[in-house]
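Following: one structure in structure tokens, then a few remarks.
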Amino acid sequence: MNASVKQKKDSSPDKSGCGMTNSSDIQLTINFYLKEFVISEEAERHGYRNEPNEKQIENLRLLCVNVLQPLREIINVPIFINSGFRSFDVNTAVGGRFNSQHLEGKATDFVVHSMNLADVFNIVFQKLSFDQLIYEFGKWIHVSWNGESNRKDVMISKKVHGKTVYEKVIGDRLTVVGL
Ligand SMILES: [Zn+2]
């Protein structure tokens with residue numbers, strides 16, 4: 001009971017009431033539910049299905065177990081999922097890369113409203129394991145988990161003349177300058 005009350009606080013209020021059925025609301029870890037990772041405004045807008053299969057749900061669960069839940073316990077404030085699993089159609093609609101890990105349920109984009117985003121990024125960077133960690137345009141954090149194949153890539157994305165550019169983060173922390 002407590003966990004479900006807590007979870008409500010973690011769910012982004014502007015994404016509620018999207019017509020998702022209860023059957024998709026599987027608890028992945030204490031603070032994270034499947035629904036948060038499959039609701040997509042883009043899918044709603046275009047009428048695309050955005051339903052992960054068992055393997056993709058398992059990948060989302062591993063991402064929660066290994067990255068998001070440990071982070072949630074360190075920062076002790078809600079994490080808001082912007083985009084988790086993406087079907088092929090949804091990924092195409094949002095301009096995702098053809099090989100995006102969102103397609104496999106291995107990646108998520110998130111924000112933390114009550115903390116400085118660079119501080120959250122540095123906690124993941126310094127304290128947790130991951131495959132790729134990207135500080136996206138200073139607006140959200142992309143993180144993925146790929147088990148034993150984790151690369152521990154740390155990058156920052158920027159728009160340069162309208163094109164997305166990825167730069168490796170050098171050193172052991174992100175210092176945000178001129179984003
Ligand atoms: Zn992403």
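Under my numbering, the sequence shown has 93 at position 93, and the numbering climbs by one with no breaks.
Where is the CB? At the ideal position from N, CA and C, for every residue including glycine.
{"Asked": "Identity of the residue in Phe137, Glu104, Gly171, Val176 nearest valine 165 by Cα", "Found": "Phe137"}
{"Asked": "Cβ contact (3+ pairs, closer than 8 Å) linking the region 122-132 and the region 153-167", "Found": "yes"}
{"Asked": "Residue environment, arginine 125, which counts as buried when at least 16 other CB atoms sit within 10 Å", "Found": "Looking at the sequence provided, one finds phenylalanine at residue 125 rather than arginine. It is buried - the Cβ of phenylalanine 125 has at least 16 other Cβ atoms within 10 Å."}
{"Asked": "Closest by C-alpha distance to serine 149, when choosing among Gln101, Asp119, Lys127", "Found": "Gln101"}
{"Asked": "For glutamate 41, the nearest candidate out of Val65, Ile81, Leu60 (CA to CA)", "Found": "Ile81"}
{"Asked": "Residues of its chain near leucine 62, where Cβ-Cβ distance is below 6 Å and the 5 sequence neighbours each way are ignored", "Found": "Trp145"}
{"Asked": "Histidine 235: CB within 7 Å of a non-hydrogen atom of ligand 1", "Found": "Look at the range of the chain in this structure, 1 to 179, and you will see that residue 235 is not part of it."}
{"Asked": "Contained alpha helix (DSSP H) runs [length at least 4] in the region 15-83, N- to C-terminal order", "Found": "34-38, 41-46, 54-63, 69-75"}
{"Asked": "Nearest candidate by alpha-carbon position, reference glutamine 27, set Ala43, Tyr48, Glu51, Ile57", "Found": "Ile57"}
{"Asked": "Proximity to serine 114 [Cα-Cα], best of Val169, Val77, Arg173", "Found": "Val77"}
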